[in-house]
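S.K.: Quick mapping for you: the protein sequence lines, in order, are chains A and B. Residues in the first sequence are numbered consecutively from 1, following our numbering. Residues in the second sequence are numbered consecutively from 226, following our numbering.
Protein chains: 2
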Amino acid sequence: MATETVENYLKAIYTLCRESPTGEAGMTRLAAIVGVTTGTATAMAKKLAKAKLARYQRFGGVSLTAKGTRAAVDIIRRHRLIETFLVQTLKLDWSIVHAEAERIEHAISPVVLEALDKLLGRPDVDPHGDPIPDSDGRLRDPRGEPLSDCGAGDSVRIARITDQEERFLLFAARHGLRPGAHVTVLAVDAAAESITVQADAGPVTLALAAARKIMAEDAAEGRRR
Amino acid sequence: MATETVENYLKAIYTLCRESPTGEAGMTRLAAIVGVTTGTATAMAKKLAKAKLARYQRFGGVSLTAKGTRAAVDIIRRHRLIETFLVQTLKLDWSIVHAEAERIEHAISPVVLEALDKLLGRPDVDPHGDPIPDSDGRLRDPRGEPLSDCGAGDSVRIARITDQEERFLLFAARHGLRPGAHVTVLAVDAAAESITVQADAGPVTLALAAARKIMAEDAAEGRRR
DNA sequence: GTGTAATGTTTGACTACTCAAACTAATGGA
DNA sequence: TCCATTAGTTTGAGTAGTCAAACATTACAC
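1) Could you compute how far the alpha carbon of A/ALA181 sits from the alpha carbon of B/PRO352?
2) Can the beta-carbon of A/LEU30 be found closer than 8 Å to that of A/LEU10?
3) Would B/ALA279 pass as a contact of B/ALA270 if the rule is Cβ separation under 8 Å?
4) So, for B/GLU249: in the same chain, excluding its five sequence neighbours on each side, which residues have a beta-carbon less than 6 Å away from its beta-carbon?
5) Who does B/ASP414 pair with in a DSSP beta bridge?
6) Whose C-alpha, out of B/LEU402, B/ALA432 and B/VAL336, is nearest the C-alpha of B/ALA416?
7) Less than 8 Å separating the beta-carbons of A/LEU48 and A/LEU81?
8) Grab the span of the beta strand (DSSP E) containing B/ALA250 for me, first residue to last.
9) Within 8 Å of any Cβ in chain A, is that where the Cβ of B/LEU289 sits?
10) Let me know the secondary structure DSSP gives B/GLY427 once reduced to three states.
11) Establish whether the CB of B/LEU315 and some CB of chain A are separated by less than 8 Å.
12) Would you please state the rounded distance, in angstroms, between the beta carbons of A/HIS98 and A/GLN164? I believe it to be under 8 Å.
13) Whole alpha helix (DSSP H) runs in the segment 273 to 348 of chain B with 4 or more residues, listed along the chain?
14) Using beta carbons (cut-off 8 Å, strictly below), is B/ALA227 in contact with chain A?
15) Does the CB of B/ALA398 have a neighbour CB from chain A at under 8 Å?
16) Kindly indicate which residue of B/VAL422, B/THR309 and B/HIS304 has the alpha-carbon position closest to the one of B/GLU232.
17) Give the residues of chain B in contact with A/HIS106, contact being defined as C-beta atoms less than 8 Å apart.
18) Pick helix, strand or coil for A/ILE132, following the three-state DSSP scheme.
19) Does A/ALA152 pass the burial test, meaning 16 or more other C-beta atoms within 10 Å, or should it be called exposed?
20) DSSP on B/ASN233, reduced to helix/strand/coil?
21) Can we say the segment 330 to 348 of chain B touches the segment 101 to 114 of chain A, given the rule of at least three CB pairs closer than 8 Å?
22) Going by C-alpha distance, which of B/ILE386, B/SER373, B/ASP318 and B/LYS316 is nearest B/PRO367?
23) Looking at chain B, is there any beta carbon in it that lies within less than 8 Å of the beta carbon of A/LEU113?
24) DSSP three-state label for A/ALA209, please.
25) Just to check my reading of the structure: B/ILE321 and B/LEU372 have Cβ atoms closer than 8 Å, yes? What is that Cβ distance to the nearest angstrom?
26) Which residue from B/THR314, B/GLN313, B/ARG302 and B/PRO356 puts its Cα closest to that of B/LEU338?
27) Could you name the residues of chain A that B/ARG283 contacts, counting a contact when the two beta carbons are closer than 8 Å?
28) Around the C-beta of A/ASP136, are 16 or more other C-beta atoms found within 10 angstroms, so that it is buried, or is it exposed?
29) Please tell me whether B/ARG303 has its Cβ less than 8 Å away from any Cβ of chain A.
30) State the DSSP-derived secondary structure class of A/MET215, mapped to helix, strand or coil.
31) Report the neighbours of A/LEU116 on chain B: residues whose CB is nearer than 7 Å to its CB, in chain order.
32) For A/ARG157 and chain B, any beta-carbon pair shorter than 8 Å?
33) By DSSP, does B/THR409 sit in helix, in strand, or in coil?
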């Protein structure tokens with residue numbers, strides 16, 4: 001198994017490559033996520049390339065090989081199962097479990113992971129609505145489109161929240177904006193760049209930028225599969 | 226929080242000092258437990274002394290200060306609660322949970338630990354019968370006397386198994402020698418240095434050296450308090 | 001009481017990870 | 001097109017932990 005440090009880099013590179021249009025992760029953003037200086041990120045990118053976990057080109061960014069991707073998905077599986085466990089079994093608040101899982105994910109063996117998966121009933125999404133990869137590393141495409149793209153009158157179901165920031169999650173939870181919740185878009189104000197939705201907890205207005213971090217799907221679609 | 230490495234040394238020194246008549250831990254045994262060379266153990270002993278976690282004298286062994294003891298007991302609490310969780314909630318076999326807990330114990334925050342403790346119903350012994358320190362660092366004295374000290378005809382209750390070796394635990398479990406089990410001593414053969422006991426799973430003969438790792442108490446004594 | 005075995009210490013070197021700071025390359029206005 | 005800004009790289013140095021091996025001390029058996 002890779003060191004904890006290496007695992008963190010792999011996970012960060014994986015997410016950055018997903019988001020980036022070029023499919024490459026830049027050093028500045030990578031360094032910011034991992035919490036090191038860019039020089040350190042460059043050094044690690046080279047090291048990962050030497051270990052065949054990543055491809056690296058001078059001034060050309062870093063991306064994962066098949067081997068690196070497999071390892072990254074594995075870590076994500078551990079992370080999301082642990083988050084699910086922390087919320088479902090230990091009843092911790094979903095706004096804090098990300099940070100906790102971040103530490104525990106490196107210490108969990110396959111045996112414990114399998115037992116955890118079984119205990120939780122083989123869930124396929126974590127508390128934030130993110131899909132949990134299966135044990136073979138298969139990862140469903142996350143569903144839903146940004147709430148910011150919905151129009152007035154749309155009635156949708158919240159599928160996932162793509163931001164692990166405690167502050168944002170607390171805000172979302174307080175207004176009933178959790179995965180599985182049904183909301184109706186009341187108004188979209190292009191000038192104010194805001195959107196107002198009716199949730200169980202009442203109406204909320206938030207910036208489109210914030211609504212972009214909330215993924216919605218047709219209210220009819222089921223919870224699973 | 227101390228590093229994972231430091232935590233492992235503290236735990237090892239704590240156990241060694243308990244066992245040793247002088248109350249000091251020697252470098253050779255310390256190094257063996259932690260899995261390093263004696264030179265490395267010496268270096269760490271000095272480092273711990275500098276951090277006021279331990280007392281160290283050249284050629285005189287190492288022992289924990291109050292601060293070091295507090296930290297060690299805290300780690301032991303995490304370890305034993307996690308072991309209990311792995312057996313009780315995840316249904317893993319008690320023979321393997323020691324090694325698993327060894328890795329997880331360093332990644333658990335006070336918040337998660339508290340939730341775990343609550344989930345498990347605030348247990349006071351782990352699956353091996355070892356007492357779990359409370360959150361203030363209070364640790365009951367482990368009860369029982371070695372099974373090897375019992376005489377023929379004694380009817381006792383197994384209180385704890387003081388060996389975390391997978392092989393020994395598998396043997397013990399196979400013959401019904403688990404904490405809480407009632408056994409009757411059938412015979413003690415001083416010449417053969419062996420003892421034979423009647424357990425639920427049938428009669429077993431084991432060396433006195435092995436029986437020394439099993440603690441027994443009067444069959445009448447209750448499970449708790 | 002002396003020599004040997006056991007135990008403990010020191011040193012120099014290595015790996016993994018990190019930073020600061022000097023430096024280089026790419027990018028994108030005006 | 002040029003040059004400032006941003007992004008990326010390199011270097012030198014530091015911390016934490018480790019080992020091997022030379023060395024020092026202690027314990028104890030005779």
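Cβ atoms here follow ideal geometry from the backbone N, Cα and C, with glycine treated the same way.
M.R.: Here's the rundown:
1) 41 Å
2) no
3) yes
4) GLY286 and SER288
5) B/SER419
6) B/ALA432
7) no
8) B/ALA250 -> no beta strand (DSSP E), and no H or E assigned at all.
9) no
10) strand
11) yes
12) 4 Å
13) 291 to 313, 322 to 329 and 335 to 344
14) no
15) no
16) B/HIS304
17) ALA332
18) coil
19) exposed
20) helix
21) yes
22) B/ILE386
23) no
24) helix
25) The Cβ separation is near 23 Å, so there is no contact.
26) B/ARG302
27) Chain A residues near B/ARG283: none, gap ~34 Å exceeds 8 Å.
28) exposed
29) no
30) strand
31) LEU315
32) no
33) strand
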